[in-house]
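These notes concern the structure reproduced below.
Numbering (the working numbering), first residue to last: 5 to 335.
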């Protein structure tokens, strides 16, 4: 016969509602009572039911992480820190992978009984934030934001990183600079392009339209853009990529074409993924504290759940250039 909360209450000498409150660390229950209840629960081997806790508290303590950009190798790196930070708050991470960003996705999130959602792959024109707002389901933007609804966010500020990249390119004698950018409907692509153009302008440089290539944040985009640039009568001497994954594709294309990096072509990424520093890659890239940004997004969401009326907060993480082997001097 399974142990119930009534058994715990009898052993601890308290009421059953007190057991429920004590096991979820309700501040209305004294510390001594909470410890007595936990000892009784441990002695009996009692494990609280998630369903029961949801019924009694009105919360499931489940947080959704929505990923719709499934081909982007950046996002697997955020799952572990998100899981651990939410777990430290007593919440479970529920991964939701979709191939679209629309009304159907929003309804699936709402119907899953979540306490809140981390939106990691929002597009500028996404309707998901609108639907979550209308249904009063708390959410936080991570990395990407949407123009549809203002909300708490944890993002990277590319300004300083792009400024340092432009300074380094100028120092190394680069003047023909190309860019392989992400989708125009993502805030990350837009913000990084703006920061790059402004940084190059400060160095007296610009990127002509023929040196711009756009596509998804994947290796195929980096490969295709680099292939195209290398067929030009005057190919660029450096390529700034929208993220590291795109830069990996650019490196592959250069290798396939027999073009030396950095002797003939310099390549710069963005994100400083763990593999960027591998000895076989040694990618020059723009870095920021990704783990801290993930943890901050989780904290913002828990704060929003617990204090719905608090002012909105944007946490913008600074960026900086890390020079490695893929940035060289123009001969």
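Backbone N, C-alpha and C fix where the C-beta goes; we use that ideal spot for every residue, glycine too. Computed from a prediction, not measured in an experiment: that's the story for all the values here.
Query: Contained beta strand (DSSP E) runs [length at least 3] in the segment 229 to 280, N- to C-terminal order; Result: 242 to 245 and 270 to 274
Query: Residue burial classification, residue 284 (beta-carbon count within 10 angstroms, cutoff 16); Result: exposed
Query: CB contact check: residue 129 to chain C, cutoff 9 angstroms; Result: Of the protein chains in this structure there is only one, and it is not chain C.
Query: With 16 other Cβ atoms within 10 Å as the buried cut-off, status of residue 94; Result: exposed
Query: Option in 9, 7, 13 and 333 with minimal Cα separation from residue 174; Result: 333
Query: Contacts around residue 210, its chain only, beta-carbon distance under 8 angstroms, and the 5 residues preceding and following it disregarded; Result: 201 and 204
Query: Exposure of residue 297, with buried meaning 16 or more beta-carbon neighbours within 10 Å; Result: buried
Query: According to DSSP, residues forming a beta bridge with residue 98; Result: 68
Query: DSSP three-state assignment for residue 20, whether helix, strand or coil; Result: helix
Query: CB contact flag (residue 165, residue 291, <9 angstroms); Result: yes
Query: Cβ shell of residue 261 (< 6 angstroms), same chain only, five flanking positions each side left out; Result: 234
Query: Beta-carbon spacing of residue 323, residue 162 below 9 angstroms; Result: yes
Query: Backbone CA spacing between residue 91 and residue 97 [nearest angstrom]; Result: 8 angstroms
Query: Proximal residues to residue 254 (C-beta, below 8 angstroms), its chain only, five neighbours per side dropped; Result: 184, 226, 227, 229, 230, 243, 245 and 271
Query: Spatially closest choice to residue 43 from 32, 27, 33 and 31, by CA coordinates; Result: 27
Query: Same chain, Cβ closer than 7 angstroms to residue 128, five either side skipped, listed in chain order; Result: 150, 151, 189, 190 and 191
Query: Through-space distance from residue 328 to residue 306, alpha-carbon basis; Result: 38 angstroms
Query: Nonlocal neighbours in the same chain, by C-beta distance under 6 angstroms from residue 137, ignoring five residues either side; Result: 153
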